Structures are given as C-alpha cells and as structure tokens.
Amino acid sequence: MLSLTRRTKYRQALRSFWTFFVTVLCVASLSCSDHKRTPVVSIIESTGGTSFWNLFSQNVRDRAQHYGYLLKWSDPQSAADYEVQAKLLSEAVQQHVNGIILAPSHQLVLAEGVRRAYAAGIPVVIVDSPIAVQPSEYVTSIGCSDEAIGFMAAQQFAQAMGANARILVIGASPTLQTTAQREESLRRALARFNPEARIVASRYSLSDWARARRTTLDALSENPQINAVFSSDDFSAHGVLNALRSIQSSRHLISVTVDSGGESLDAVRSGLLNAAIACDASTIGRLAVDAMHDALEGRPVEKLIQTEALLVTKANIDTPEVRRIAP
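For what it's worth, my numbering labels the leading residue of the sequence shown as -6, then goes sequentially.
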C-alpha cells in the first residue's frame, strides 16, 4: 500500500513537472514568435501597369526581401480612383500593418488616412506625389522634382520653337498633384524662357491609354494652332504616342513626354518624340523601403528626398547614364 502511494505521488509530481515545462515552453515560444514576427508593409500605389510602376515595384520587392518584410500590394485601376485608394489606406490602418508606402492620387482626400495611420503609430512613406498633411505626420516624401521636369520640357520647346510654341498638355488626372505641379512648372518656365509661348489646352487621360489618344486627337482638331504636346505621365504618354503616329504624315508636332518605357525611348530614336523625361523609379522604390526600415528601427529620416530626373534625347539615349534609369 505504501509503495502504491509513493508511486502515485511520483506520477503526480512527474505530471506536474511536465505540465509546467510545456507551459514555460509555450510561453517562450509565443514570446519568440512575437519578437521575430515578420513586419508587414502595405504598398498602395496611385495606379499600376506602367514602366515606372513596374520598375518601382520590382525594386521595392528586392529591397523588402533584403530586410525580410512581408508586402501587401494594392492599387486602383486609375489615378483618378482616389476614393478607392482612400479605402485601401483605411483598410491598411485597420489591419494595423507595421508600415505603409503610399503614392497618393489626391493630396487632400488621402490626407485623413495618413493622419489616422500616424495616430495609430504606423509610419507612412510618401512616394511620387505630395500629401497635404504636416511633415511630422509622415516619415518622408520621395520622388523626382516636378519643378525640374517642367523646366526641362520648357527648355525643349524653347529650343525647338521659340516664342511660337502653342502647347497641349495631357496629364493623368486634375486631382493628381504631380500632374498639376509639372504643368505649373512648365507654365512658369515658359514665362521665363518664352513669354509669348503658352499652353493652349490641358486635358486628362484618367490613366486610360485609349482615352489619352482620343483626348489628344480631339484637342488637336479643336485647336489648329497647337504645334507642341507635353504628356506629363507614362499613362498619357502611351495614348499621345498612338495619336501622334496616326497624324504624323499630316501634322508635325514637337512632343515631350514624362516616361522611361521602351515605347517612348523607341519614339525618341525614331524622331516621333523630341525628348522623354525619365524619373528614377528604381531608386525611388529602393529608398522608400530603406526609409521604412529606418523608421521601424527608430532612426531619423530626411523629410524630403528628391531623386534624379533625366532628359533623354537622341544625343544621349544610348549612354550608360540613361540605361541606368531607363533599362
């Protein structure tokens, strides 16, 4: 009887020990799991499907893999779908992701979502287009200089046409601040170089290639005095090029676009385009993830990071400098 009691107590003690051991092991395992949890970063572009955003995405993925981040991708079909983008931003905040990289398609509509992210302690990196919130409410803003882009375009029109330039501007959306800033920069630079040159009409593609083509042809038909075209984003560039091809035998136009895709570069080589302005999408993507990493690690980041914009012409199109930005 005594032996049975000892045996029972031994089994109870052994059971208690293993229960304690497994509990400690589970707690330690959960603690380690939380400590090593893969950071989730939401990438919300203004749109997608162009050479710029493809290069941007590729470099974001490569850099995120370097840091071991899990990426959640989302983008509207059009840069004009800012309400959709605002919803995507709100969902990212509700999911409490570790960070957000945002290309805002409307600086006012997206502002509230950025403020909510800041209040929730989620760092936000802004790319490509500005946002109407206090700089303290986001990590940094990264992109090429819209001021420089307008300046480069104005120089091209000045050299080719002087005071006679009558320019049609085709942009992505009137709500996209990048489009507005590039057009305004062009306007100011024209006033400086050619006070008599002017922008005759401004139209928008709403990130639709077919619409960009039709809008360009309609504007040219309505305004016979137009002799130059500036397409201020890569979506518009595709439609404008198709429009120029259809009328090149009957109407000569000086054309400058903001795009680094193969179609635009081929058009520069052929002479259909006078120049293409390439933004360094690869560097923007890499720097966006680097800035996010610094923010998550608690390190300071510059509030404004401007990347290179390069004017591509027949003279420099095959140089290593151009191939680096527009591979």
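Backbone N, C-alpha and C define an ideal beta-carbon position, used for all residues, glycine too. Since the structure is predicted, the reported quantities are computational estimates derived from the model, not experimental observations.
Query raised in the report: So who's on the other strand from Gly164, going by DSSP bridges?
Result: Tyr197
Report task. Could you check if Ser263 is buried or exposed, using at least 16 other CB atoms within 10 Å of its CB as the buried criterion? Result -> Sixteen is the threshold: since fewer than 16 other Cβ atoms of the shown chains lie within 10 Å of the Cβ of Ser263, the residue is exposed.
Query raised in the report: For Ala308, is the classification buried or exposed, using 16 other Cβ atoms within 10 angstroms of its Cβ as the cut-off for buried?
Result: exposed
Query raised in the report: So, Ser229 versus Gly164, is the Cβ gap smaller than 8 Å?
Result: yes
Query raised in the report: CA-CA distance, Ala146 and Val120?
Result: 22 Å
Requested in this report: Alpha carbon to alpha carbon, how far is Ser242 from Arg316? Give it in angstroms, no decimals.
Outcome: 31 Å
Requested in this report: Could you have a look at Ile142 and say whether DSSP puts it in helix, strand or coil?
Outcome: helix
Requested in this report: Quick one: give me the first and last residue of the alpha helix (DSSP H) that Gln299 is part of.
Outcome: Segment 297 to 300 is the beta strand (DSSP E) holding Gln299; no alpha helix (DSSP H) there.
Report task. Just tell me which of Leu303, Thr306, Ile277, Glu295 has its CA closest to the CA of Arg56. Result -> Ile277
Report task. Count the other C-beta atoms from every protein chain shown that fall within 10 angstroms of the C-beta of Gly232, then say buried if there are 16 or more, exposed otherwise. Result -> buried
Query raised in the report: Looking only at its own chain, which residues have a Cβ that is under 6 Å from the Cβ of Leu101, when we skip the five neighbours before and after it?
Result: Ala125
Query raised in the report: Apart from the five residues on each side of it in sequence, which residues of its chain come closer than 7 Å, Cβ to Cβ, to Val33?
Result: Leu63, Lys65, Val90, Asn91
Report task. Give the DSSP-derived three-state secondary structure of Val120 in the structure shown. Result -> strand
Query raised in the report: What three-state label does DSSP hand Ser39 in the structure shown?
Result: coil
Report task. State the beta-bridge partners of Trp66 as determined by DSSP. Result -> Ile36
Query - Ala110 classed as buried or exposed, judged by whether at least 16 other C-beta atoms fall within 10 angstroms - result: buried
Query - Element boundaries [beta strand (DSSP E), containing Leu95] - result: Where Leu95 is concerned, the enclosing beta strand (DSSP E) stretches over 92 to 95.
Report task. Could you tell me how far apart the beta carbons of Thr306 and Ala268 are, in whole angstroms, since I believe they sit closer than 8 Å? Result -> 5 Å
Requested in this report: Note the first and the last residue of the continuous beta strand (DSSP E) segment covering Ser248.
Outcome: 247 to 251
Query - Residue closest to Glu393, alpha-carbon to alpha-carbon, out of Ser134, Asn235, Gly255 - result: Nothing in the structure corresponds to residue 393, since the chain is present only between -6 and 320.
Query - Euclidean distance between Cα positions of Arg323 and Leu266 - result: This structure leaves residue 323 out entirely; the chain is present only between -6 and 320.
Requested in this report: With distances taken Cα to Cα, identify the nearest neighbour of Leu82 among Ser138, His59, Ala113, Arg185.
Outcome: Ala113
Requested in this report: Buried or exposed for Arg30, please, with buried defined as at least 16 other CB atoms from any protein chain shown within 10 angstroms of its CB.
Outcome: exposed
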